[in-house]
Each structure stands twice: as structure tokens, then as C-alpha cells.
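The UniProt record's numbering puts the sequence shown at residues 1 to 184.
Every residue gets a Cβ at the ideal spot worked out from N, C-alpha and C, and that includes glycine.
Since the model is a prediction, treat every value here as computed from it, not as a measurement.
These notes concern the structure reproduced below.
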Amino acid sequence: MSLVSWAHEIAARKLADSLPRRWAHTQGVARQTLRLQSVPGVDTELVEAAALLHDVGYAPDLATLNFHPVDGARYLASIHAPTRLVHLVAYHSAARQDAEVVGLAHLLDDYEDEQTPERDALWWADMTTGPDGETMTFEERMAEVKSRYGSEHPVSRAVDLSWWERQGAVERTEARLEASLEER
1 MSLVSWAHEI
11 AARKLADSLP
21 RRWAHTQGVA
31 RQTLRLQSVP
41 GVDTELVEAA
51 ALLHDVGYAP
61 DLATLNFHPV
71 DGARYLASIH
81 APTRLVHLVA
91 YHSAARQDAE
101 VVGLAHLLDD
111 YEDEQTPERD
121 ALWWADMTTG
131 PDGETMTFEE
141 RMAEVKSRYG
151 SEHPVSRAVD
161 LSWWERQGAV
171 ERTEARLEAS
181 LEER
């Protein structure tokens with residue numbers, strides 16, 4: 001079984017019935033990663049698998065810390081997922097800043113933010129996919145998140161604190177994608 005098939009099976013089992021909207025978002029994030037297949041030097045299989053699993057920590061039976069990046073990473077480590085996949089899930093989409101806002105940054109100490117094109121690509125896919133799986137611009141997605149949570153919510157505060165880092169990951173990925181399309 002391929003890594004992507006394995007990830008899809010796990011994500012569907014954990015999210016499809018219990019959190020159908022989260023599952024729709026997850027599938028949209030994974031679809032977005034398919035656009036990267038022509039980008040040289042990016043492990044697109046790893047990115048697609050991470051996209052499928054990035055929100056698995058929201059699953060009701062996994063949400064023990066109420067910090068989904070680490071809940072997901074802990075679960076994936078417990079089922080012997082590849083180490084890079086575990087780390088990508090733990091650090092997806094500015095998780096460090098999210099954790100700092102709520103006083104949980106220490107939970108990420110066991111994981112590595114690899115700051116690679118794969119990491120950027122996962123962040124890009126997540127931050128350009130809406131809650132129902134629709135493609136959005138980065139600005140639209142961040143506005144949607146802040147509107148959904150409200151300006152004083154920790155998630156909105158973390159978005160404000162990490163805006164430039166998030167935007168950088170999106171811009172680097174879009175530049176890689178554009179360069180690969182120009183080479184064709």
C-alpha cells in the first residue's frame with residue numbers, strides 16, 4: 001500500500017463520519033497538493049500524505065491535549081508513521097505560534113520544524129483551502145479563519161503573529177510552482 005493510500009485510509013476512518021466538514025477540508029488540502037507534482041525536488045507523495053493527515057488530531061478519540069497538531073503527531077508516531085510525516089503534521093501551518101499563544105509551545109519540543117519545500121507546500125495547501133475543501137487565496141483563507149473564530153480568539157491572534165511566516169511559505173511554494181510551469 002502506498003503512503004498516500006495508507007494516509008487516506010487513516011484520515012477517512014478518523015474524520016469522515018465524526019467531522020465531515022473537517023474531512024471535506026482535508027480532502028481539499030490533499031487535492032491542492034496534486035498541483036505540485038511537476039515541482040522538482042519536492043516529495044509530493046510525502047506532502048499529499050501529510051495533507052491527508054494534517055488535521056487528524058481533531059478526531060474525537062485523538063483530541064486529548066486539545067492541540068490538534070500534537071494530538072495528530074502523537075497518534076501518527078504511535079502507529080509508526082514515517083518520522084518526517086509525524087514532524088510535518090506537528091508543525092503544520094505555523095503550529096509553533098498557535099502553541100505559543102495558548103501556552104503549549106513545549107509540546108512541540110519533541111518534533112522538528114524542518115523548514116523545507118515540503119513543509120512550505122503543506123502550509124500552502126492548508127492555507128489556500130477553505131473549510132469545505134474549496135480553493136481560496138491565502139488572504140481569503142486567513143480572513144475566513146479570523147472571521148470564523150473572532151478577532152480575540154487564540155487562533156486569530158496566532159494568525160496575526162505568524163502572518164509573515166505563513167505568507168512566506170505560500171509565496172515560496174507558489175514561486176516553485178510557477179517556475180516548474182515555466183520550464184515545461
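Measuring C-alpha to C-alpha distances from Ala-51 to each of Asp-113, Pro-154, Glu-139, Arg-31 identifies Arg-31 as the nearest.
In this structure Ile-10 is buried. Its beta-carbon is surrounded by 16 or more other beta-carbon atoms within 10 angstroms. Counting only runs of 4+ residues, the alpha helix (DSSP H) found wholly inside the UniProt domain "HD" (22-105) occupies 44-53, 68-78, 83-90, 95-101, in chain order.
Straight-line measurement puts the Cα of Ser-156 at about 25 Å from the Cα of Thr-33. Taking Ala-24 as the centre and dropping the five residues before and after it, the same chain places the C-beta of Pro-131, Asp-132, Gly-133 closer than 8 Å to its C-beta, in chain order.
DSSP places Thr-173 in the helix class (H, G or I) of the three-state scheme. Minimum Cα-Cα distance from Trp-164 among the listed residues His-8, Tyr-149, Trp-124 corresponds to Trp-124.
Sequence-distant Cβ neighbours of Leu-36 in its own chain, meaning closer than 7 Å and more than five residues away, are Val-42, Thr-44, Val-47, Ala-121, Leu-177.
The continuous alpha helix (DSSP H) containing Pro-117 extends over residues 117-126.
Less than 8 Å divides the Cβ of Leu-108 from the Cβ of Ala-95.
Counted as a single uninterrupted DSSP element, the alpha helix (DSSP H) harbouring Lys-146 occupies residues 138-149. Nearest to Val-56 by C-alpha distance, out of Gln-27, Thr-83, Pro-40, is Gln-27.
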